[in-house]
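Numbering of the sequence shown is given in the numbering used here, commencing with residue 56 and proceeding in unit increments.
This report refers to the structure that appears directly beneath it.
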Amino acid sequence: MSETTEGETFRKADWYAEELIGRTYQNCTFLEVDLTEATNRGCVFNECHFGNVRFNASRHADCAFTSCTFNRCNFFDAELENCKLIGSTFAESAVRPMRVLGGDWSFVGLSGADLRRTSFQRVRLREADLTGANCADALFGEVDLSGAQLHGCKFTGSDLSALDPHHAELTGAMITPEQAVQLAVAMGLTVG
56 MSETTEGETF
66 RKADWYAEEL
76 IGRTYQNCTF
86 LEVDLTEATN
96 RGCVFNECHF
106 GNVRFNASRH
116 ADCAFTSCTF
126 NRCNFFDAEL
136 ENCKLIGSTF
146 AESAVRPMRV
156 LGGDWSFVGL
166 SGADLRRTSF
176 QRVRLREADL
186 TGANCADALF
196 GEVDLSGAQL
206 HGCKFTGSDL
216 SALDPHHAEL
226 TGAMITPEQA
236 VQLAVAMGLT
246 VG
């Protein structure tokens, strides 16, 4: 049986290189916690708030951060594998160059995020809010962006080969001519 913590506040805790396994946190607050180089396997964070938390070089596998808020957090060189972040929001957080491998990030809020050189592979980003996000040189490989809000996104240099333009709101997205050809082909058009 996993350890469950509910409604607690963790302030200025030093969890540097900690190994978190199978814990559950419900409606907890994490303020100025150092999770640098931490390893997180199978933990569940539900409706938690993270403020000024350092996730630098941390590794997260088979975890859930559902309906969480991340304010002014740093994810430099963090890796999330097969994690669920459904309904979570990121505000003023440094999320690059983060690597996301598999998992479900549906309904995640990354509006205005700097996602340059981030990598999303085999990730479900259905109805995610990427409005105004800078996705230059980012990798979106086998990503489900159905219903995603992409207005004002910058995709210069990004791999959009897996983007289904029929199910994404692309109005105002900035792309290169090469990406325009990729999207036209994805729509079934013949480019000549």
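For each residue, glycine too, the CB sits at the ideal point set by N, CA and C.
Quick caveat: nothing in here was measured; it's all calculated off a predicted structure.
Taking 8 Å as the cut-off, the beta carbon of Phe131 is found no closer than this to the beta carbon of Ala116. Taking the Cα positions, Ala191 is about 9 Å away from Cys208.
The alpha-carbon of Ser113 is positioned some 38 Å away from that of Met242. Excluding five sequence positions before and after Thr64, the CB atoms of its chain that fall closer than 6 Å to its own CB belong to Thr84, given in chain order.
If you keep only unbroken beta strand (DSSP E) runs of at least 3 residues inside the segment 172-215, you get 174-176 and 194-196. A straight line joining the alpha-carbon of Phe195 with that of Cys138 spans about 16 Å.
Leu135 counts as buried, since at least 16 other C-beta atoms from the protein chains shown sit within 10 angstroms of its C-beta. According to DSSP, residue pairing for Thr231 in a beta bridge does not occur.
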